Amino acid sequence: MALARSVAVKLINRSISAASIFSLEWAGARRVQAQRVRAFSALMSPPSKAVVYEREGPPDSVIKMIELPPVEVKENDVCVKMLAAPINPSDINRIEGVYPVRPKVPAVGGYEGVGEVYSVGSAVTRLAPGDWVIPSPPSSGTWQSYVVKDQSVWHKVSKDSPMEYAATIIVNPLTALRMLEDFTTLNSGDSIVQNGATSIVGQCIIQIARHRGIHSINIIRDRAGSDEAKEKLKGLGADEVFTESQLEVKNVKGLLANLPEPALGFNCVGGNSASKVLKFLRFREEQW
Numbered sequence: 001m002a003l004a005r006s007v008a009v010k011l012i013n014r015s016i017s018a019a020s021i022f023s024l025e026w027a028g029a030r031r032v033q034a035q036r037v038r039a040f041s042a043l044m045s046p047p048s049k050a051v052v053y054e055r056e057g058p059p060d061s062v063i064k065m066i067e068l069p070p071v072e073v074k075e076n077d078v079c080v081k082m083l084a085a086p087i088n089p090s091d092i093n094r095i096e097g098v099y100p101v102r103p104k105v106p107a108v109g110g111y112e113g114v115g116e117v118y119s120v121g122s123a124v125t126r127l128a129p130g131d132w133v134i135p136s137p138p139s140s141g142t143w144q145s146y147v148v149k150d151q152s153v154w155h156k157v158s159k160d161s162p163m164e165y166a167a168t169i170i171v172n173p174l175t176a177l178r179m180l181e182d183f184t185t186l187n188s189g190d191s192i193v194q195n196g197a198t199s200i201v202g203q204c205i206i207q208i209a210r211h212r213g214i215h216s217i218n219i220i221r222d223r224a225g226s227d228e229a230k231e232k233l234k235g236l237g238a239d240e241v242f243t244e245s246q247l248e249v250k251n252v253k254g255l256l257a258n259l260p261e262p263a264l265g266f267n268c269v270g271g272n273s274a275s276k277v278l279k280f281l282r283f284r285e286e287q288w
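Residue numbering for the sequence shown follows full-length UniProt numbering, beginning at 1 and increasing consecutively.
See the structure below:
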C-alpha cells in the first residue's frame with residue numbers, strides 16, 4: 001500500500017511538473033504571439049525612395065537615391081505621399097553647407113512641397129487620407145516619396161490649387177511678403193523697384209504689391225524672350241518693366257511717368273543692375 005501511494009505521488013508530481021512546463025511554454029508562446037500581433041497591427045508607411053546626403057558638399061558629389069524602410073505611423077503622425085517638391089537655391093545651399101539653417105547630416109533633401117495624405121494615426125482628427133497638405137512651417141526632408149511627421153507639421157490646402165503652385169507656396173511667397181513688410185512702411189499708392197523681377201520671388205513681390213495697391217517698377221536682363229517676359233510680368237500686375245539697356249539714360253526717374261519715386265528697392269543681382277535700382281529710389285530711402 002505504501003509503495004502504491006509513493007508511486008501515485010510521483011505520478012501526480014510529474015503531472016504537475018509537466019503541466020507547469022506546458023503552462024509556462026503556452027504563456028510564453030502567447031506573449032510572442034501578442035508581440036507579433038502588435039508588430040503586424042502597427043500602422044506603417046510604405047517603403048520610400050529618398051534623395052539623401054551623408055555629408056555636406058557639391059550636390060553632384062554628395063547626393064544619392066536610396067530606399068528607406070517603412071516607418072511607424074504613431075497616433076499623432078500623418079503619413080504623406082509627396083506629389084511634388086521643388087529645388088530651391090536654398091535647398092542647394094543647405095546641401096553645400098553654406099545656408100545658415102540646415103539639418104544635421106545624414107539628411108533627406110528638400111524643404112517644401114505638396115503631398116496627399118496616405119494614412120493617419122489614431123489620434124489625428126483634422127486630416128484624412130486623400131487631403132492635400134503642405135509642411136507649414138517648412139520642414140526638411142521633402143525629397144522622398146513618403147514622409148511621416150507629426151500632424152502639427154501639415155497644413156491642408158485646396159486640391160483645386162495647381163500642383164506646382166501648392167508645392168512652392170512656402171519659401172518664395174513668404175520671402176516676398178517679409179521683404180515688403182520688414183524694412184519700411186509701405187502704403188497704398190507707394191512704389192517699389194526691383195531687379196531680378198522674373199525670379200519667383202520677384203513675381204510674388206509684383207502680385208502682393210498689386211494686391212496692396214503698391215506700384216512696382218521692375219528691371220529684367222536683356223536676353224531672348226524679354227518682350228514675352230515683360231508681358232508676363234505686366235499680366236501679374238507690374239506697372240513698369242524695363243530691360244537694363246533701357247535704363248542707360250541720365251535721368252531714369254524720367255521714365256516713371258506718373259508713378260511716385262520708389263520708397264523701397266530690392267537688389268538680387270548686384271553690379272550695374274544694383275546701381276540702376278539705387279538711381280530710382282527717392283532720397284534717403286532704403287535699398288536691400
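Note that beta-carbon positions come from the ideal geometry of N, C-alpha and C, so glycine has one too.
Quick caveat: nothing in here was measured; it's all calculated off a predicted structure.
For C204, there is no enclosing beta strand (DSSP E); the enclosing alpha helix (DSSP H) has its first and last residue at I200 to H211. Per DSSP, reduced to three states, the secondary structure at G235 is helical. In this structure, V171 sits away from Q151, with a CB-CB distance that is not shorter than 8 Å.
In the structure shown, S119 falls within a strand segment according to DSSP collapsed to helix, strand and coil.
Residue pairing by DSSP places T175 opposite no residue, since no beta bridge is assigned to it. Exposure of T184 is indicated by the presence of fewer than 16 other C-beta atoms within 10 angstroms of its C-beta. Taking a 10 Å sphere around the C-beta of S245, we find fewer than 16 other C-beta atoms and assign the residue as exposed. In the three-state DSSP reduction, Y111 falls in the coil class, being neither helix nor strand. Non-local C-beta neighbours of P103 in its own chain, meaning closer than 6 Å and more than five positions away in sequence, comprise S140, ordered along the chain. Annotation for I200: T168 and N172 place their beta carbon closer than 8 Å to its own, counting only its chain and skipping 5 residues before and after.
Pairing I220 with K276 gives a Cβ-Cβ distance that is not under 8 Å. Annotation for S119: L43, V73, C79 and P129 place their beta carbon closer than 7 Å to its own, counting only its chain and skipping 5 residues before and after. Per the Cβ contact rule, the segment 229-241 is not in contact with the segment 153-160 (fewer than 3 Cβ pairs under 8 Å). Secondary-structure assignment with DSSP links M65 through a beta bridge to V51.
Linking P70 to Y146 through their CA atoms gives a straight-line distance of about 9 Å. Distance between E112 and V51, taken at the CA atoms: about 14 Å. When DSSP states are grouped into helix, strand and coil, P129 belongs to the coil group. The beta carbons of A209 and L180 sit closer together than 8 Å. Residue environment for P58: exposed (fewer than 16 other C-beta atoms within 10 angstroms of its C-beta).
Residue P135 holds the alpha-carbon nearest to the alpha-carbon of V117 among P135, I214 and E54. If you draw a straight line from the Cα of D160 to the Cα of V249, it is about 46 Å long. Assigned with DSSP and collapsed to three states, L83 falls in strand.
For A274, the CB contacts under 6 Å within the same chain, skipping 5 residues up- and downstream, are N267 in chain order. G109 and R178 have their C-alpha atoms roughly 24 Å apart. Per the DSSP secondary-structure output, D77 pairs in a beta bridge with D150. DSSP, reduced to helix, strand and coil, places K156 within a strand of the structure shown. Sixteen is the threshold: when 16 or more other Cβ atoms of the shown chains lie within 10 Å of the Cβ of M82, as they do, the residue is buried.
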